[in-house]
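Visitor:
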Amino acid sequence: MKKIMVATDFSERSDRALRRATLLARQVGATIALIHVVDDDQPRRIVETERDEAEALLHQTAQTLRDVDGVECETRVFLDLPFAGIIKAVDEMAPELLVIGPYRRQVLKDIFIGTTAERTIRSASCPVLMVNAHPAGNYQHVLQTTDLSDCSRDALRRFPVLGIGEGARNTMLHIYDAPALRLVMSHAMPKDDREHYLAGEHKDASCDLAEFLATAKIGNVVPMVRHEASAAHHEILKVAESEKADLIVLSTHGRTGLAKLLIGSVTEKVLRTSSIDILAIPPLRSA
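Number 409 marks the last residue of the sequence shown (the numbering used here); no jumps.
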């Protein structure tokens, strides 16, 4: 990883993202591209004033990063809508990773059009790290997740290249379904039969995950399977909490997964509810 981009609105949330990006840049020897988007759907005088102020703040921050943290930093201001400007910056500056702060929850707006953070993750061609927790050092336990799909495989192959998980404990989690327990009469199943059935499903899921890891040539992870006793995103967050993970890695499944306005996917629900940092990785897209 050579270049890490940070999108900042100069808020405390963005400061959190910048601190995490600085730690990562020092860890892997990358530079930082610090960008700000000025909403150009305003009177020209306001746009120009905000642009000048943003350029001054970015320059000051970049100088601090060089002098205090020893990290090289370039800065740019884009004039556009926040979401569109971030995507334009990614396309023009080609970072290996985009780092953003947690989104601000605006219930009605979130439901109907999604947040800037979610829309960015849907469309960015590079992995996007949403920094929810206050950075305190390098990541110690990375919880990677997979649904065993081809998209998940392709996305997870991109993770080692970033260098984020080096030196950390890495776990690969697969949440499996037990379809018989979703049947109308499943409550009548004897306890011993239920436990026997779940044991068989657990064994099959473990074999499926092992085969997935071998075929995808993904190593240096501890495999883990869990029954989807509740919604999948709840299970992921429960495991992350019990295992004390400080980063969750998810696949966005490209444009067929998160690229929709309505809420529904596991990834979106984890993004909306997690207090742990989230790394969303899209599969490589063919030209």
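For each residue, glycine too, the CB sits at the ideal point set by N, CA and C.
Quick check: the region 259 to 277 against the region 314 to 321, are at least 3 beta-carbon pairs closer than 8 Å?
Guide: Result no; under three Cβ-Cβ pairs closer than 8 Å.
Visitor: Classify A402 as helix, strand or coil using the three-state DSSP reduction.
Guide: For the purposes of this step, residue 402 is identified with residue 280 of the sequence shown, where counting begins at 1. Strand.
Visitor: Tell me the residue span of the alpha helix (DSSP H) that contains P345.
Guide: For this step, residue 345 is matched to residue 223 along the sequence shown. No alpha helix (DSSP H) contains P345, which is instead part of the beta strand (DSSP E) from 344 to 349.
Visitor: Spatial neighbours of S136 within its chain, please: CB distance less than 7 Å, with the 5 preceding and 5 following residues excluded, ordered by chain position.
Guide: As a first step, residue 136 must be located in the sequence shown, where it is residue number 14. Excluding sequence neighbours, S136 sits near T130, G223.
Visitor: Using the DSSP secondary-structure output, state which residues sit across from T197 in a beta bridge.
Guide: Walking along the sequence shown from the start, residue 197 turns up at place 75. Partner(s): L156.
Visitor: Indicate whether the contact test is met: 3 or more Cβ pairs, each with one atom in the region 399 to 408 and one in the region 273 to 284, closer than 8 Å.
Guide: Cβ pair count under 8 Å is three or more, so yes.
Visitor: Just the C-alpha distance for A300 and H349, rounded to the nearest angstrom, thanks.
Guide: The sequence position of residue 300 within the sequence shown is 178, counting from 1. The sequence position of residue 349 within the sequence shown is 227, counting from 1. Rounded to whole angstroms, A300 to H349 spans 7 Å at the Cα level.
Visitor: Output yes if chain C places a C-beta closer than 9 Å to the C-beta of S133; else output no.
Guide: The structure shown contains no chain C; it is built from a single protein chain.
Visitor: Tell me where the alpha helix (DSSP H) around H181 begins and ends.
Guide: Numbered from 1 along the sequence shown, position 59 holds the residue referred to as residue 181. It spans 166 to 186 - the alpha helix (DSSP H) in which H181 sits, taken as one unbroken run.
Visitor: On the DSSP bridge list, what partners appear for L220?
Guide: Within the sequence shown, numbered from 1, the residue matching residue 220 stands at position 98. Answer is M127, V250, bridged to L220.
Visitor: Cα-Cα, which of E134, H263, E177 is closest to F200?
Guide: Sequence index remark: in the sequence shown, residue 200 carries index 78 (1-based). Ranking the options by Cα distance to F200, first place goes to E177.
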